[in-house]
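When you read off a place in the sequence shown, starting at 1, and then add 82, the result is the number in our numbering. Input: a single structure, listed below in structure tokens.
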Amino acid sequence: MVPLGRRWCTTTLLFTCVVFFITGLPGYTKASVQCFVCSYSPGSNSTRVDGCTDTNFTTESYYQVLTRSCPLGCEAVTVYDLNGVLLTFHRNCATSSPPLTNTCETHQNRVLTRHVCTCDTSYCNAAPRSVHSTPSLLTLLLLMLVVGCLQLLKLPPAT
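Right under this line is the structure:
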């Protein structure tokens, strides 16, 4: 008979493997990912409140921002004029198909500066230090569970 602790660990490990198989491992490109979709332009003649830029993308605005399924990944783009004044900001699906770098790049020309951040996991185009870093925490917790169960499942040395 298998001890209860080993049975629980075996079941948990099997469940974890199935979940990762179905959802995909974080950090790897899947068929599509979920991205936040919002925009803000301070120069427009609208009365829209900024809930999109990094400064104002809070836990409260997170639940009000639309999301979309995106086959290429996500992006966050900030555009400044020559004086460094914000012209536009948007979070959306990535618009180009080259491999995403999961980093940010700055492109500058005579008229404006574009700061483009691309990524390939669900909700990765959230603001830095926001509440949306939980997938990484979940991955870490699952990894700790797997390691702990593997330690428990170790057979005693043969005598």
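The beta carbon of each residue, even a glycine, is placed where N, CA and C say it ideally should be. Note that this is a predicted model, so its numbers are computed, not measured.
Annotated three-state conformation of T195 is strand, per DSSP.
Residue state for T135 is assigned as coil, using DSSP reduced to three classes.
Selection C201, V161, S151 evaluated against Y122 yields V161 as nearest (Cα-Cα). Here T170 has S123, V161 as same chain residues with Cβ atoms under 6 Å from its own Cβ, once five neighbours each way along the sequence are excluded. Taking C-beta atoms as the reference points, N191 and C199 fail to come closer than 9 Å. Scanning C120, T188, T149, T93 for the CA closest to the CA of S114 turns up T149.
In this structure, C117 lies near C175, with their beta-carbon atoms less than 9 Å apart. When only Cα atoms are considered, S178 and A209 end up about 21 Å apart.
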